[in-house]
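Mapping the sequence shown onto the UniProt record's numbering, position 430 (from 1) lands on 430, and the numbers just tick up by one. Accompanying notes for the structure given below.
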Amino acid sequence: MDMLLTGAGVVALLLGVLALGSWVFSGLVIVAMLSLWGLGDFDAQRIGLIFSKILFRAANSWELSAIPLFILMGELIFRSDISERLFRGLTPLTRHLPGGILHTNVMGCTLFAAVSGSSAATTATVGKITTQELARRHYDRNLSIGSLAGAGSLGLLIPPSIVMIVYGVQAEVSISKLFMAGVLPGLLIAALYIGYVAVRSLIDPSIAPRGEDDATGLGGALLNLAPVLGLIVIVLGAIYSGIATPSEAAAVGCAATLVLLLWERQLTLRLFIDALSGALISAVMVCSLLIAAALLSTAMGYLHLPRELAGWIADQAFSPVALLLALALFYVLLGLFLDGISITVMSLPITLPIIVQAGYDPLWFGVFLVIMVELGQITPPVGFNLFVLQGLTGESIGRVALAAAPFFVLMCIGALIVCLWPSIALWLPTVLSG
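Shown next as structure tokens:
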């Protein structure tokens, strides 16, 4: 009972601090300090000593260096014409499918996710081209917006993924294996989206009217896709072949992107400075949250809360299915109010011990968690992809959320499939890692 009261007190304190409008990272630090002081009877000097050690350890974490590098890579691509060429390359490949170039939303986001790692960047980069082009060709507005909202969230699941790096650092799970585990579930969800668009278009052909045809052949399409495909091969090939760690592969990817932009004479001082500025803001936000989460996690450890909570859960003899359903509902509710990285760093100190105690593979749970976080990207009121699309399309947030609703359901189906057949996530890491 003391453990439940302690846990409830920490959660209430965290919600209260966030309700006051504080930044998430500062809220986590405040809750960690107050928990140690009020519940653990720690004095200020001891709290300061604990926090200084955590800050030093985080500042020397090699794994965290991948985050700003992958963000920078996405920023460089976002500010070049690579996204436009991606659309031009996919258009002739999709024009004969039911749904036509609506599939460029899903396929474009799937490919761009493999060089970005960010859901918002994927949605914005692909959306700035496809939303205007699909509107010009009179494709169904809701399906156009909804498919982009759903597919844009794949930036969190298909490697390289910023959220997976965050999870791997916190859960002490191999980031390379996490990247491998995300490939097949990501492709599965993308396939569900493509199938849904095709079926809707077969039922109602007016959704995807046949208009102007693109004269570009297969050779021209592959030429336009070459920059993105080349970067995917370089980054993921370096990781999966064992030549480079994820952090080293991020540096290789940045270097390859810079060389590509130099080769195509697109790299200007203004573009480079803008990319650095955007990457700096995003990277500082992510790393600040990670450090704050490490402080909270340590505070919970000193209070013995995760261990006792995991033991209490085990004593209740919840079935594995009931536990997963409860966690899924928990993450969907968090997704209504918080972004993906905040959800991960706030919840993991409590949920990971429970999952391990229940016998689930932490590698598989990483994929499950990312899918749950993806759901939060397309649910109001704080769905980042919804805000990005509202800015791109000028539509109300309500209409964007309604258009994304079918893809929310499809992602839930994808999560259910991964739960029923965990080998979808675990097969590739097992095969590639021997």
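For every residue, glycine included, the Cβ atom is placed at its ideal position computed from N, Cα and C.
Please state if the CB of PRO246 and the CB of ILE165 are separated by a distance shorter than 8 angstroms.
Locating residue 165 in the sequence shown gives position 165, counting from the first residue. Locating residue 246 in the sequence shown gives position 246, counting from the first residue. Closer than 8 angstroms, so yes.
Three-state secondary structure (DSSP) at MET1?
Within the sequence shown, numbered from 1, the residue matching residue 1 stands at position 1. Low confidence applies to MET1: its pLDDT is 45, below 50, so where it sits in the model is not reliable enough to give any reading.
Starting from HIS103, trace the alpha helix (DSSP H) in both directions and tell me its first and last residue.
The residue labelled residue 103 in the question sits at position 103 within the sequence shown. Element bounds for HIS103: 103-116.
My output table needs one value for ASP274: the three-state DSSP class, helix, strand or coil.
If you number the sequence shown from 1, residue 274 lands on position 274. ASP274 falls in the helix class under three-state DSSP.
Under 8 angstroms, do LEU148 and ASN105 count as touching if we go by C-beta distance?
Numbered from 1 along the sequence shown, position 148 holds the residue referred to as residue 148. Numbered from 1 along the sequence shown, position 105 holds the residue referred to as residue 105. It is a contact, given that the beta carbons lie within the stated cut-off.
For LEU363 and VAL183, which I take to be in contact (beta-carbon distance under 8 angstroms), what is that distance rounded to the nearest angstrom?
Position 363 of the sequence shown, counting from 1, holds the residue named residue 363. Position 183 of the sequence shown, counting from 1, holds the residue named residue 183. Their Cβ separation, rounded to whole angstroms, is 13 angstroms, which puts LEU363 and VAL183 out of contact at 8 angstroms.
If we count Cβ pairs, one from each stretch, closer than 8 angstroms, do we get three or more for the region 256-275 versus the region 62-78?
yes
Here's the rule: buried if 16 or more other CB atoms are within 10 angstroms of the residue's CB, otherwise exposed. What is GLN377?
Within the sequence shown, residue 377 is the residue found at index 377, counting from 1. With 16 or more other Cβ atoms within 10 Å, it is buried.
Locate the alpha helix (DSSP H) running through TYR167, then write down its first and last residues.
Within the sequence shown, residue 167 is the residue found at index 167, counting from 1. Note, TYR167: alpha helix (DSSP H), 162-171.
Which of helix, strand or coil does DSSP assign to PRO68?
For this step, residue 68 is matched to residue 68 along the sequence shown. The answer is helix: DSSP assigns PRO68 an H, G or I state.
Less than 8 angstroms separating the beta-carbons of THR123 and GLY152?
Looking up residue 123 in the sequence shown gives position 123. Looking up residue 152 in the sequence shown gives position 152. Their beta carbons are under 8 angstroms apart, which means THR123 touches GLY152 by this criterion.
Within the same chain, show all residues whose beta-carbon is closer than 8 angstroms to that of GLY398, passing over the 5 residues directly before and after it, in chain order.
Indexing the sequence shown from 1 puts residue 398 at position 398. Only PRO380 meet the Cβ criterion.
Just the C-alpha distance for LEU410 and ALA190, rounded to the nearest angstrom, thanks.
For the purposes of this step, residue 410 is taken as the residue at position 410 of the sequence shown. For the purposes of this step, residue 190 is taken as the residue at position 190 of the sequence shown. Distance between the alpha carbons of LEU410 and ALA190: 10 angstroms.
Count Cβ pairs between the region 83-103 and the region 133-148 that sit closer than 8 angstroms; are there 3 or more?
yes
Return the chain-ordered list of same chain residues with a C-beta closer than 8 angstroms to the C-beta of LEU34, the five sequence neighbours on each side being excluded.
Residue mapping note: residue 34 aligns to position 34 of the sequence shown, counting from 1. LEU13.
Since residue 435 and LEU143 are thought to touch, with beta carbons under 8 angstroms apart, how far apart are those beta carbons, to the nearest angstrom?
This structure leaves residue 435 out entirely; the chain is present only between 1 and 434.
With LEU20 as the anchor, note down where its alpha helix (DSSP H) starts and where it stops.
Here residue 20 refers to the residue found at position 20 when the sequence shown is read from its first residue. Taken as a continuous stretch (DSSP letters only), LEU20 belongs to no alpha helix (DSSP H), as it is neither H nor E.
Pull up the CB-CB distance for ILE424 and ILE413, whole angstroms please, since I reckon it's below 8 angstroms.
Within the sequence shown, the letter at position 424 stands for residue 424. Within the sequence shown, the letter at position 413 stands for residue 413. Contact doesn't hold; Cβ gap of about 13 angstroms is too wide.
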